[in-house]
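Numbering (my numbering), first residue to last: 25 to 300.
Written out below as structure tokens is the structure these notes cover.
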Amino acid sequence: MTPEADPAPPRGSAPLTLPPELLDAVRRVAGTEHLLIAMDFDGTISPLVDHAGDARPLPRSAAAFAELATLPRTTTALISGRALDSLRAVASPPAETLLIGSHGAEAWLGPGSAPLVLDPAQLELLAEVRSILEGIVELAPGTLLEEKPAGVVLHTRLAEDDVAEDAVAAARAALQDREGVHLKNGKRVLETSVVHASKGEGVDFLRQASGATAVIFAGDDTTDEDALGRLGPADVGVKVGLDFTQAQYRVEAPVHIAELLEALLRERRRAVESPS
């Protein structure tokens, strides 16, 4: 991963400290036979930024994640709403890391993984969706579109609040009843896709593919709730931020995810290197 600079803590402030109950959960999950460490990227490993191409992982998160990827019986993965090409460009993930992109519509499990291919009807529908959203963006200053292999994203982070609300409302009115179009709300984005997929399905797929006996997943957005909702009693779910969540545990910001990954690295290394 190519890191972004960690924000410096205020002078005289106490070091970051994870809640004791979360540290206990980290110790527990680190002892599982095969651990899947699945992380959202934007707002989790990387701070949120106005321009998607500027996102980079925090250095501490990148370093700990890379070390975790090398441990025995340990699988690392990124599960993102980004298209795979965009995710690779900003995250620079370790070679061993599995990737889920486009909210589960794309998957990469290593060399030879098949790319996503749309059928003719899906391609035609995607063109219609793009045309509708282009018309909305022309009338809504500060909004823009992002192309994905199976969809188009309406970004409103740079728009005034009332403009953003009107743009999303117009897009929903035009697309929510259209057969074959799937909509997801995110932080200042509206995701559209012509393929039904979710991060929850991504977690299930990675669990099966890796043979994991437990999963730890962290995410910040409403779309991450799909993944958090698929976790079981042996797993650990972490919400970044103060929004409503199904996760058992919560941290305030991406810098705390760096601390989480470092704690997980210490505990997992101890578990896999200790004599059986």
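Backbone N, C-alpha and C define an ideal beta-carbon position, used for all residues, glycine too.
(request) Could you tell me which of Pro144, Arg181, Val227, Ser155 sits nearest to Gly166, measuring between CA atoms? (result) Start at 1 with the first residue of the sequence shown, and residue 166 comes out as number 142. Of the listed residues, the one whose Cα sits closest to Gly166 is Arg181.
(request) May I ask you to verify whether the segment 50-68 touches the segment 270-282, counting CB pairs closer than 8 Å and requiring at least 3? (result) yes
(message) Is the separation between the beta-carbon of Glu250 and that of Gly224 shorter than 7 Å?
(response) Position 226 of the sequence shown holds residue 250. Position 200 of the sequence shown holds residue 224. Before going further, note that residue 250 is Asp rather than Glu in the sequence given. Contact flag set, yes.
(request) Would you kindly check if the distance between the Cβ of His58 and the Cβ of Ala258 is under 7 Å? (result) Against the sequence shown, residue 258 aligns to sequence position 234. Against the sequence shown, residue 58 aligns to sequence position 34. Against a cut-off of 7 Å, the Cβ pair of His58 and Ala258 comes out as no contact.
(request) Look at the Cβ atom of Val296, then the Cβ atom of Arg97, and state whether they are nearer than 7 Å. (result) Along the sequence shown, one-based indexing puts residue 296 at 272. Along the sequence shown, one-based indexing puts residue 97 at 73. Cβ atoms of Val296 and Arg97: closer than 7 Å.
(request) Have a look at Val262, Glu283, Thr269, Ile103 and flag the residue whose alpha-carbon is nearest the alpha-carbon of Gly226. (result) For the purposes of this step, residue 226 is identified with residue 202 of the sequence shown, where counting begins at 1. Selected option, being the one with the closest Cα: Ile103.
(message) Could you check whether Ala129 and Leu140 sit closer than 7 Å to each other, using their CB atoms as the reference points?
(response) Within the sequence shown, residue 140 is the residue found at index 116, counting from 1. Within the sequence shown, residue 129 is the residue found at index 105, counting from 1. Closer than 7 Å, so yes.
(request) Taking only the alpha-carbon atoms, compute the straight-line gap between Arg202 and Ala119 and give it to the nearest angstrom. (result) The count along the sequence shown starts at 1 and reaches residue 202 at position 178. The count along the sequence shown starts at 1 and reaches residue 119 at position 95. Those two C-alpha atoms are separated by around 39 Å.
(message) Can you find the residues in the same chain that come closer than 6 Å, C-beta to C-beta, to Val53, ignoring five residues on each side of it along the sequence?
(response) For the purposes of this step, residue 53 is taken as residue 29 along the sequence shown, with counting starting at 1. If we look at Val53 and ignore the five residues flanking it on each side, its Cβ neighbours are Ala238, Ile240, Val260.
(message) In this structure, how does DSSP classify His206 when only helix, strand and coil are distinguished?
(response) Within the sequence shown, the letter at position 182 stands for residue 206. Residue state, collapsed to three classes: strand.
(message) The beta strand (DSSP E) that contains Leu123, what's its start and end?
(response) Within the sequence shown, residue 123 is the residue found at index 99, counting from 1. Where Leu123 is concerned, the enclosing beta strand (DSSP E) stretches over 122-125.
(request) Express the C-alpha separation of Ala131 and Arg254 in angstroms, rounding to a whole number. (result) Translated into the one-based positions of the sequence shown, residue 254 becomes position 230. Translated into the one-based positions of the sequence shown, residue 131 becomes position 107. Using only the alpha carbons, I get a separation of about 18 Å.
(message) Considering just the uninterrupted stretch of the alpha helix (DSSP H) at Arg292, what are its terminal residues?
(response) As a first step, residue 292 must be located in the sequence shown, where it is residue number 268. Its alpha helix (DSSP H) spans residues 278-297.
(request) Look up Leu42 in the DSSP assignment and say whether it is helix, strand or coil. (result) Sequence index remark: in the sequence shown, residue 42 carries index 18 (1-based). Leu42 carries a coil assignment under DSSP once its states are collapsed to helix, strand and coil.
(request) Evaluate the contact criterion for the segment 168-183 versus the segment 207-221: three or more CB pairs, one atom per stretch, below 8 Å. (result) In this structure the segment 168-183 touches the segment 207-221; the number of beta carbon pairs closer than 8 Å is three or more.
(request) Keeping to the same chain, check which residues put their C-beta closer than 8 Å to that of Leu284; ignore five residues upstream and five downstream. (result) Position 260 of the sequence shown, counting from 1, holds the residue named residue 284. By the criterion of a C-beta distance shorter than 8 Å, Leu284 is surrounded in its chain by Leu42, Leu46, Val50, Ala242, Val262, Val275, once the five residues flanking it on both sides are discounted.
(request) Would you decide whether Phe268 is buried or exposed? Buried here means 16 or more other CB atoms lie within 10 Å of its CB. (result) The sequence position of residue 268 within the sequence shown is 244, counting from 1. Phe268 comes out exposed.
(request) Please list the segments of the alpha helix (DSSP H) lying wholly inside the segment 59-94, counting only runs of 4 or more residues, in order along the chain. (result) If only complete runs of 4 or more residues are kept, the segment 59-94 shows the alpha helix (DSSP H) at 83-93, in order along the chain.
(request) Could you tell me the distance, in whole angstroms, from the CA atom of Ser37 to the CA atom of Leu289? (result) In the sequence shown, residue 37 corresponds to position 13, counting from 1. In the sequence shown, residue 289 corresponds to position 265, counting from 1. With a pLDDT of 39 at Ser37, under the threshold of 50, the modelled position of that residue is not reliable, and the figure given next carries that caveat. Using only the alpha carbons, I get a separation of about 25 Å.
(message) Do Ile156 and Ala198 have their beta-carbon atoms positioned less than 7 Å apart in this structure?
(response) Locating residue 198 in the sequence shown gives position 174, where the first residue counts as 1. Locating residue 156 in the sequence shown gives position 132, where the first residue counts as 1. Yes, the pair counts as a contact, with Cβ atoms nearer than the cut-off.
(message) Pull the bridge partners of Ile156 from the DSSP assignment, please.
(response) Here residue 156 refers to the residue found at position 132 of the sequence shown. Beta-bridge pairing by DSSP links Ile156 to no other residue.
(request) Determine the direct distance from the alpha carbon of Thr100 to that of Ala93, and round the result to whole angstroms. (result) Here residue 93 refers to the residue found at position 69 when the sequence shown is read from its first residue. Here residue 100 refers to the residue found at position 76 when the sequence shown is read from its first residue. Ala93 and Thr100: Cα-Cα distance of roughly 5 Å.
(request) Would you kindly check if the distance between the Cβ of Thr247 and the Cβ of His127 is under 7 Å? (result) Counting from one through the sequence shown, the residue named residue 127 turns up at place 103. Counting from one through the sequence shown, the residue named residue 247 turns up at place 223. Closer than 7 Å, so yes.
(request) Pick helix, strand or coil for Ala236, following the three-state DSSP scheme. (result) Looking up residue 236 in the sequence shown gives position 212. Of the three classes helix, strand and coil, the one that applies to Ala236 here is coil, per DSSP.
(message) Can you give me the C-alpha to C-alpha distance between Arg196 and Leu207, rounded to a whole angstrom?
(response) As a working mapping, residue 196 is identified with position 172 in the sequence shown. As a working mapping, residue 207 is identified with position 183 in the sequence shown. Their backbone Cα atoms lie some 8 Å apart in a straight line.
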